[in-house]
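The block underneath contains the structure these notes are about, expressed in structure tokens.
Residue numbers (our numbering): 1 to 428.
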């Protein structure tokens, strides 16, 4: 009776087994190579992050998420350089990130980049604006908590008219410190002293009275704005240094603004209203949001939804997806116009899964073994097992979530939508 190992007792049987194993190894290696090719990841030697930018490439939205902050800052600065070289006005908003400020100073200096923060409190969005433009910024910057009804426009115009009657160009601090309860008395007093004519006084008082019902809301609006923005706004004693985003844009400069906190919603609204006016005048804006959460801010959301060739956004942070606080539709609207995404290590398993899904999937080939029992009862009895290799296709994410979570802080996946390349490298 034959033994199960009879086939291997002869030189011919052993040779056949070795040949079969060799073929299987070649097949396995070929399939592994095909899987790597299907993933489409280009693996680079350790590289500079700046090498993945081209000054002449089309400007689009950019996501810089996770990993080492200094590497993200380098990428952000290079993105600013590319955008500025193509005629965009760079506007960088951050939340007390002094590392960012210091790095941008080292990169660009201060001659063509304006820094607005607690050390340089020179921001005044009303510089050079007419009364309608000032009123538009105020009314456009209100929110549900600090609302101003339409008739409030008359009251705001009344304040602006009174300021101009004194031959003063309105600046925002005057609106914040306006003595609302005494405003009518101040107008009458100016007429009595002959500082303004009776007709001018009557016109100003008419505006104030028409918007009187909104006085309380306007007062609350500016009171909250003072709480949020006093640290950064120009005052009477430093008006000679006052700047607005619009004035900086006229000089083809860039501006870096410290919001201090994501909670400063009205300050952010004022800034976004200025940016909106710039866009309406045909300027192209490159908005960088470093750690700034768009959640619940209509003006930021509107900017992100309409981002394109004229208005571009670069979002940078430890976890940009988490900054959207579950607003997936808004997040995907940014991705839809994205030119570049640089992705490194994340802690959140949910964010890792989300980024894994965003990168996409491929058809992975897998080998499975099928065993068939063989028995021969004719002639000499023998029994054996036949092993067959089956190749199947399985849809799998190109980058697995656990691969993102296990990245080192200097390891980055870089997706370039212009070239269609997905790269992986260690940044040096």
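Just so it is clear, CB atoms sit at the ideal spot from N, CA and C, and this is done for glycine as well. Note that the coordinates shown come from a computational prediction; the quantities given were computed from them, not determined experimentally.
Nearest CA to the CA of residue i: which residue from the options?
| i | options | result |
| --- | --- | --- |
| residue 244 | 123, 225 and 254 | 123 |
| residue 68 | 347, 330 and 355 | 347 |
| residue 349 | 50, 188, 403 and 78 | 403 |
| residue 65 | 411, 428 and 420 | 411 |
| residue 363 | 356, 397, 287 and 342 | 397 |
| residue 178 | 194, 196 and 158 | 158 |
| residue 306 | 280, 428, 213 and 319 | 280 |
| residue 80 | 53, 102, 297 and 227 | 53 |
| residue 137 | 285, 225, 204 and 208 | 225 |
| residue 296 | 285, 204, 326 and 169 | 326 |
| residue 118 | 249, 261 and 266 | 261 |
| residue 428 | 234, 400, 49 and 206 | 49 |
| residue 188 | 253, 198 and 181 | 198 |
| residue 227 | 255, 254, 267 and 165 | 267 |
| residue 113 | 331, 235, 39 and 254 | 254 |
| residue 394 | 230, 426 and 361 | 361 |
| residue 366 | 308, 75, 77 and 392 | 392 |
| residue 168 | 153, 180 and 195 | 195 |
| residue 420 | 282, 408 and 359 | 359 |
| residue 336 | 38, 62 and 29 | 62 |
| residue 109 | 30, 121 and 77 | 77 |
| residue 120 | 282, 263, 229 and 407 | 229 |
| residue 263 | 30, 145 and 29 | 145 |
| residue 206 | 153, 248, 106 and 237 | 153 |
Less than 7 Å between C-beta atoms, sequence neighbours within five positions excluded: which residues of the same chain meet that for residue i?
| i | result |
| --- | --- |
| residue 417 | 60, 338, 339 and 340 |
| residue 174 | 163 |
| residue 5 | Bear in mind that a pLDDT of 49 at residue 5, under 50, signals an unreliable position, so the number given afterwards is only what the model happens to contain. Cβ within range, chain order: n/a, list empty. |
| residue 208 | 155, 158, 183 and 184 |
| residue 265 | 143 and 297 |
| residue 426 | 46, 410 and 411 |
| residue 274 | 125, 137, 244, 245 and 246 |
| residue 180 | 215 and 219 |
Assuming residue i contacts residue j under a Cβ cut-off of 8 Å, what Cβ separation, rounded to an integer in Å, is found between them?
| i | j | result |
| --- | --- | --- |
| residue 303 | residue 277 | The Cβ separation is near 12 Å, so there is no contact. |
| residue 222 | residue 176 | 5 Å |
| residue 232 | residue 104 | With a Cβ gap of about 17 Å, residue 232 and residue 104 do not count as contacting. |
| residue 315 | residue 334 | 7 Å |
| residue 329 | residue 141 | Going by Cβ atoms, the distance from residue 329 to residue 141 rounds to 24 Å, so no, they are not a contact pair. |
| residue 257 | residue 148 | Incorrect: roughly 24 Å between the Cβ atoms, too far for contact. |
| residue 165 | residue 134 | Residue 165 to residue 134, Cβ: 15 Å. No contact. |
| residue 201 | residue 190 | 7 Å |
| residue 354 | residue 332 | With 8 Å as the limit, residue 354 and residue 332 do not qualify as a contact, their Cβ atoms being about 10 Å apart. |
| residue 342 | residue 75 | 6 Å |
Who are the near neighbours of residue i in its chain, counting only those whose CB is closer than 6 Å to its CB and skipping five residues on each side?
| i | result |
| --- | --- |
| residue 3 | Residue placement at residue 3 is poorly supported in this model, since its pLDDT is 49, which falls under 50; the coordinates are not used for a value here. |
| residue 57 | 418 |
| residue 55 | 82 and 85 |
| residue 424 | 41, 43 and 413 |
| residue 192 | none |
| residue 251 | none |
| residue 323 | 293 and 317 |
| residue 422 | 40, 41 and 415 |
| residue 235 | 173 |
| residue 407 | 344 and 345 |
Suppose the cutoff is 8 Å on Cβ atoms and the five residues either side in sequence are ignored; what does the same chain contact list for residue i look like?
| i | result |
| --- | --- |
| residue 239 | 124 and 171 |
| residue 151 | 210, 211, 213 and 214 |
| residue 33 | none |
| residue 70 | 99 and 103 |
| residue 405 | 345, 346, 347, 349 and 352 |
| residue 88 | 59, 284, 285, 286 and 312 |
| residue 400 | 356 |
| residue 101 | 94, 115, 117, 256 and 258 |
| residue 319 | 65, 66, 346, 347, 348 and 351 |
| residue 29 | none |
Of all Cβ atoms in chain D, is any one closer than 8 Å to the Cβ of residue i?
| i | result |
| --- | --- |
| residue 330 | Of the chains in the structure shown, none is chain D; there is only one protein chain. |
* Assess, as a yes-or-no matter, whether the stretch 83 to 100 is touched by the stretch 281 to 292 under the definition of 3 or more beta carbon pairs within less than 8 Å. => yes
* **Sequence ranges, alpha helix (DSSP H) only - wholly within the stretch 84 to 116, length at least 4** => 98 to 108
* To do: May I have a chain-ordered list of the alpha helix (DSSP H) segments no shorter than 4 residues that lie completely inside the stretch 215 to 260?
  => 215 to 229 and 245 to 250
* Within the stretch 260 to 325, ranges of the alpha helix (DSSP H) (whole runs, at least 4 residues) -> 265 to 280, 298 to 305 and 320 to 323
* beta strand (DSSP E) runs contained entirely in the stretch 157 to 203, provided each spans 3 or more residues -> none
* Asked: Any contact of the stretch 119 to 134 with the stretch 232 to 247, i.e. 3+ C-beta pairs under 8 Å?
  -> yes
* To do: Give, in chain order, every unbroken run of the beta strand (DSSP E) that is at least 3 residues long and sits entirely within the stretch 131 to 158.
  => none
* Completely contained beta strand (DSSP E) runs for the stretch 48 to 76, where each covers 3 or more residues -> 61 to 65
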